[in-house]
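Trainee: First the structure, which I've put down as C-alpha cells, then a few questions once you've had a look.
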Amino acid sequence: MARGAIAAAAELAAGPAPIIDSRRIGRVALLSAAAAGYAVILTPILFVCWLSFFANEIVTFPPQGYTLRWFAHIFDQNNFVSGFVTSLQVGIAAMIGGLALGVPASLVLSRRIFPGREALNTLLLLPLIVPGIVAGTAIYVFQIEVELATEWPLLGSRAGLVMAHIMITIPWTVRLLTASLSGFDRSIEEAALNLGATPMQALLKVTLPVIKPGVVAAALFGFIISFGNLEMTLFLVAPGQTTLPIAILQYLQWRIDPTIAAVSLLQIVLIGAGMLVTDRYVKLTRVL
Numbered sequence: 634m635a636r637g638a639i640a641a642a643a644e645l646a647a648g649p650a651p652i653i654d655s656r657r658i659g660r661v662a663l664l665s666a667a668a669a670g671y672a673v674i675l676t677p678i679l680f681v682c683w684l685s686f687f688a689n690e691i692v693t694f695p696p697q698g699y700t701l702r703w704f705a706h707i708f709d710q711n712n713f714v715s716g717f718v719t720s721l722q723v724g725i726a727a728m729i730g731g732l733a734l735g736v737p738a739s740l741v742l743s744r745r746i747f748p749g750r751e752a753l754n755t756l757l758l759l760p761l762i763v764p765g766i767v768a769g770t771a772i773y774v775f776q777i778e779v780e781l782a783t784e785w786p787l788l789g790s791r792a793g794l795v796m797a798h799i800m801i802t803i804p805w806t807v808r809l810l811t812a813s814l815s816g817f818d819r820s821i822e823e824a825a826l827n828l829g830a831t832p833m834q835a836l837l838k839v840t841l842p843v844i845k846p847g848v849v850a851a852a853l854f855g856f857i858i859s860f861g862n863l864e865m866t867l868f869l870v871a872p873g874q875t876t877l878p879i880a881i882l883q884y885l886q887w888r889i890d891p892t893i894a895a896v897s898l899l900q901i902v903l904i905g906a907g908m909l910v911t912d913r914y915v916k917l918t919r920v921l
C-alpha cells in the first residue's frame, strides 16, 4: 500500500503526460511539403537568373564576376531574333484560333446535355495526355497525306504549324472557359434576350464581358503554350525556318554559355510581366 501511494504521489507531482497536438503536426507537415514544392519549382528558375549574369563564358563556380554582355549577345544571333518573331507570330495566331474554336465548344459543353458529351470532353483532353513527340509524329504523317491528296503544301508551311499549335491550345481554352461558365448566372442572358437582344448580341455584350477573366486567361495560357512548344514544332518547321525554342536547341548543340540563360530569363520576365499586367485588370485568380 505504501509503495502504491508513493507511486501515485510521484505521478501527481510530475503532472499530466504531454499531449501531442496532431493538428499542429499536420500543419507543420503541410507547410514543409509546400515549402519543398516551391523549392523544386523556384530553384531552377533562380539558378537560371543567376547564371545569366556570369562573366566567364565557361560556367564555373564560383563565378569570376558578373556582366550584362550576354543579353547584348542575344541580339547578335540572327536565329534568336528570327525565332522570337516566328514564335510570336505563331503564338498569336494559335491563341486567336484556340479562342475561336474553344469559346463555342465551351458554351456547348457547359450548357447542353447530349449523347457523347463525356466522350467529347475526353477527346479534348487528348493533346494534354499524348506526349508531344507522338503528337508531332502523327501530325507530320497527317500533313504529308493531306499534301499528297490535295497538292496543298501544308507540311513546313506557317499554316500547318499554326494548325498544330491550335490543337494544343484548345484543351486549356476549353477548361478555363468551362470553369468561368460554371458560375455564370444565365438569368442575366435571358433578361437580355427578353429585352430584345439577339442571341449573338447577348453573347457579345453580356456573356463574354462577364467571363472576360476566363477568356483572357485562356488566351494567355494558349499563347504561352504555343510560344514555348518544342517537341511538336521540330517535326513541322521547314528547313531554314526556326522558332525560339528550336533556336535555343540549335545553339546548345554548338556552344554552352550564359547566353541561353539570358534568353530564358528574358522569356521569364516577359511572360511574368504579361501575367501581372493582365491580372491587374481582369483578376486571373478568379479562374486559375
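This note's numbering runs 633 ahead of the 1-based position in the sequence shown.
Note that the Cβ used here is the ideal one computed from N, Cα and C, for glycine as well.
This structure is a prediction, so every number in the text was calculated from the model and none was measured.
Tell me, please, whether the CB atom of Ala906 is closer than 7 angstroms to any CB atom in chain C?
Mentor: The structure shown contains no chain C; it holds only a single protein chain.
Trainee: Mind the definition here: the region 804-816 touches the region 730-745 only if three or more C-beta pairs lie below 8 angstroms; say whether that holds.
Mentor: yes
Trainee: Per DSSP, what kind of secondary structure is Val681 in: helix, strand or coil?
Mentor: helix
Trainee: With the cut-off set at 7 angstroms, would you say Pro846 and Ser685 are in Cβ contact?
Mentor: Using a Cβ distance threshold of 7 angstroms, Pro846 and Ser685 do not count as a contacting pair.
Trainee: Using the beta-carbon count (16 or more within 10 Å), is Val896 buried or exposed?
Mentor: buried
Trainee: How big is the Cα-Cα spacing for Arg656 and Ser665?
Mentor: 14 angstroms
Trainee: Looking only at its own chain, which residues have a Cβ that is under 6 angstroms from the Cβ of Tyr699, when we skip the five neighbours before and after it?
Mentor: Phe686 and Ala688, listed in sequence order.
Trainee: Which of helix, strand or coil does DSSP assign to Val849?
Mentor: helix
Trainee: Apart from the five residues on each side of it in sequence, which residues of its chain come closer than 7 angstroms, Cβ to Cβ, to Glu864?
Mentor: Closer than 7 angstroms at the Cβ level, and outside the excluded window around Glu864, lie Gly765, Ile766 and Gly769.
Trainee: Can you name the start and end residues of the alpha helix (DSSP H) that Arg750 belongs to?
Mentor: Arg750 to Ile762
Trainee: How would you call Ser859, buried or exposed, if buried means at least 16 neighbouring beta carbons within 10 angstroms?
Mentor: buried
Trainee: Using the three-state DSSP reduction, which class does Gly789 fall into: helix, strand or coil?
Mentor: strand
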